[in-house]
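Below: one structure, written as structure tokens.
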Amino acid sequence: MSDAGAADAPGPVPPGAPIALVDVNNFYVSCERVFDPSLEGRAVVVLSNNDGCVVARSAEAKALGITTGTPWFQVAPSADRWGLVARSSNYELYGDLSARVMEVIGRFGAWQEVYSIDESFLGLAPGEFRRAEARVVEVAATIREAVARHVGVPVCVGVAPTKTLAKFANHIAKRNAGMRGVCSLGSMPDAEVRRIQSRVPVTGLWGVGARTGARLNALGIESIADLRAADPLAIRKRFSVVLQRTVLELNGVPCIPQADERADKQQIVFSRSFSAPVTRAEEMDQVMAVYAQRGAARLAAQGQRASVLTVTAGTSRFSGGAASFPSASVPLPEPTNDPIRLTKAAVAAMRGRLEPGAAYLRAGVMFSGLSRDVAGGGQELLDVFATGDGDRNVGDLLGNVRAKFGEAAIGLGQGGLAAPASWSMKREFSSPKYTTEWAELPVVRA
DNA sequence: TCTGGGGTCCTAGGACCC
DNA sequence: TCTGGGGTCCTAGGACCC
1 MSDAGAADAP GPVPPGAPIA LVDVNNFYVS CERVFDPSLE GRAVVVLSNN
51 DGCVVARSAE AKALGITTGT PWFQVAPSAD RWGLVARSSN YELYGDLSAR
101 VMEVIGRFGA WQEVYSIDES FLGLAPGEFR RAEARVVEVA ATIREAVARH
151 VGVPVCVGVA PTKTLAKFAN HIAKRNAGMR GVCSLGSMPD AEVRRIQSRV
201 PVTGLWGVGA RTGARLNALG IESIADLRAA DPLAIRKRFS VVLQRTVLEL
251 NGVPCIPQAD ERADKQQIVF SRSFSAPVTR AEEMDQVMAV YAQRGAARLA
301 AQGQRASVLT VTAGTSRFSG GAASFPSASV PLPEPTNDPI RLTKAAVAAM
351 RGRLEPGAAY LRAGVMFSGL SRDVAGGGQE LLDVFATGDG DRNVGDLLGN
401 VRAKFGEAAI GLGQGGLAAP ASWSMKREFS SPKYTTEWAE LPVVRA
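At position 143 of the first sequence (counting the first as 1) the number is 143 in the UniProt record's numbering, and the numbers step up by one without a gap.
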């Protein structure tokens, strides 16, 4: 421990085996296309909650110059003229298709790490590929075909010795139609790899954002090739251990370990913006009640309890009106996922914190200090005659009723809304929950 | 009129302890 | 000139990711 930096310096993780990064192209748009083939070949965007801004674009929409984060109201007037189609986000559908994609991909790996809703790292078996690099490309192509056949969405596969390079390989596969969605760095001449790396700015790299990019540029490090040639120790001194790992990974030394299998979450957030501003305290009580219950349901589904609750609200960052961003953290007397206690705590925490006259556009409820719910995990069947821990049964009861009759079927107190509140989410262009609701199954005629 | 949501990791600094 | 030297835990903030 005496040599500062040596003990915790990033070292090689398991050596040898190639790592694949598989991700779905334009995931949300591709999901919409699975059940609506008329969207194929068209400019399509998927919008955020409240149909606020663009979060996913088809290749055709990208070609129109539409960028992620563009407010919908700015492009909506031109949509018809451009032949642009919008869909509200349908996370039920995307989540379900994601699970199917991940299952198919997983069949091809010695290990799998699902990195996000649309990407997964995959460990390709070690010895198998030593002899023939061509086999790697073959397997990658097989993965593509399998996902296309079993789920119906297009993926790209990048293969390399480290995660950072696999990400980079995937980036190359995406931008070169001739590669047919597959790029294995090992099958390319090193001179060719370097040539590409010298033309891609550092910010195109996984883990290097705008801030770090600007600082690197100031040192004359502009391309990925520049960063690859930098001295890892100097980078660590000037930046951080994170960027040092990136440099090492660029040089083929694996430093980013596999994430733990299904590690427990450390925080759970339920936050939303409103379709109409909230100004009255009673309305905000209602918001807190609904959000706390939604969060509590997530907690229970994860089999976790919270010991700290944080509430937040905020006015628009774009309108010039009075800005106000109240927030409060309160410790809970004991770790809980009980919707009644959490609802009461959330409503109480926000009381008296609103700026009179401010127009709030968003709010959130966050749970932290999470621990395992040893008592039940929320999975057991409801026993209406059970005595004792009555509180947990309320959560189970709500969960069971919602599972059968839908999210809006039941709620507590202010959260038991018969009709949607004026602030609740707007989703004008939503596709059906084709795969998760019996009532919304697609109908096929032959 | 209308601008998303949910996470992670790392670091620095303060409180506290022996 | 020079005010001990670790160590842990917690928190806030920064940066990044999709």
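Every residue, glycine too, gets a C-beta built ideally from N, C-alpha and C.
- Which of the three DSSP states, helix, strand or coil, is assigned to Asp-23? Looking at Asp-23 - three-state DSSP - the assignment turns out to be strand.
- Starting from the Cα of Asp-373, find the closest Cα among Pro-356, Thr-336, Leu-361, Ile-340 and give me that residue. For the residues Pro-356, Thr-336, Leu-361, Ile-340, the minimum Cα distance to Asp-373 belongs to Thr-336.
- From which residue to which residue does the alpha helix (DSSP H) around Ile-293 run? Residue 293 is actually Gln in this sequence, not Ile. Element bounds for Gln-293: 281-302.
- Through-space distance from Ser-187 to Ala-229, alpha-carbon basis: 22 Å
- Item | Contacting residues, own chain, Cβ-Cβ under 7 Å from Val-287 (five flanking each side not counted) | Val-278, Ala-363, Trp-423
- Query: What residue ranges within the region 140-211 form continuous alpha helix (DSSP H) runs of no fewer than 4 residues, ordered along the chain?
  - Reply: 163-175, 190-197
- Item | Host beta strand (DSSP E) of Leu-250 (start-end) | Unbroken run through Leu-250 is the alpha helix (DSSP H), 241-250; no beta strand (DSSP E).
- Less than 8 Å separating the beta-carbons of residue 495 and Val-136? Residue numbering for the chain in the displayed model covers 1 to 446; residue 495 lies beyond these limits and cannot be assessed.
- Message: Suppose the cutoff is 7 Å on Cβ atoms and the five residues either side in sequence are ignored; what does the same chain contact list for Arg-317 look like?
- Response: none
- Alpha carbon to alpha carbon, how far is Cys-255 from Leu-441? Give it in angstroms, no decimals. Take the alpha-carbon of Leu-441 and the one of Cys-255: they are about 45 Å apart.
- Message: From the DSSP secondary-structure annotation, give me the bridge partner or partners of Glu-113.
- Response: Phe-121
- From what residue to what residue does the alpha helix (DSSP H) around Arg-81 run? 72-82
- So the alpha helix (DSSP H) Ala-61 belongs to, where does it begin and stop? 59-63
- Query: What does Thr-67 pair with, by DSSP beta-bridge criteria?
  - Reply: DSSP output for Thr-67 lists no bridge partner at all.
- Query: Taking Cβ positions, are Val-85 and Val-22 nearer each other than 8 Å?
  - Reply: no
- Item | Cβ separation of Ala-292 and Leu-342, assumed to be a contact under 8 Å, to the nearest whole Å | 5 Å
- Who are the Cβ neighbours of Ala-276 in its own chain at under 8 Å, not counting the five residues just before and after it? Ser-422, Trp-423
- Task: Measuring alpha carbon to alpha carbon, tell me which of Glu-60, Glu-355, Ser-89 ends up nearest Ala-79.
- Result: Of all alpha-carbon atoms in Glu-60, Glu-355, Ser-89, the one lying nearest the alpha-carbon of Ala-79 is that of Glu-60.
- Task: On the DSSP bridge assignment, give the partners of Gln-267 in chain order.
- Result: Ser-368
- Query: Quick one: what's Arg-238 bridged to in DSSP?
  - Reply: Answer by DSSP bridge pairing: none, since Arg-238 is not bridged.
- Task: Let me know if Tyr-91 comes out buried or exposed under the rule of 16 or more other beta-carbons within 10 Å of its beta-carbon.
- Result: exposed
- Task: Apply the 10 Å Cβ neighbour rule to Arg-87 and answer buried if 16 or more other Cβ atoms are within range, or exposed otherwise.
- Result: In summary, Arg-87 is buried, with 16 or more beta-carbon neighbours lying within 10 Å of its beta-carbon over all protein chains present.
- Message: Give me, in chain order, the residues of the same chain whose beta-carbon lies closer than 6 Å to that of Thr-435; leave out the 5 immediate sequence neighbours on both sides.
- Response: Same-chain partners within the cutoff: Asp-96.
- Item | At least three beta-carbon pairs within less than 8 Å, the region 94-108 to the region 239-257 | No: fewer than three Cβ pairs fall under 8 Å.
- For my contact list, Thr-162 and Gly-252 are in at a C-beta cut-off of 8 Å; report their separation, rounded to the angstrom. 6 Å
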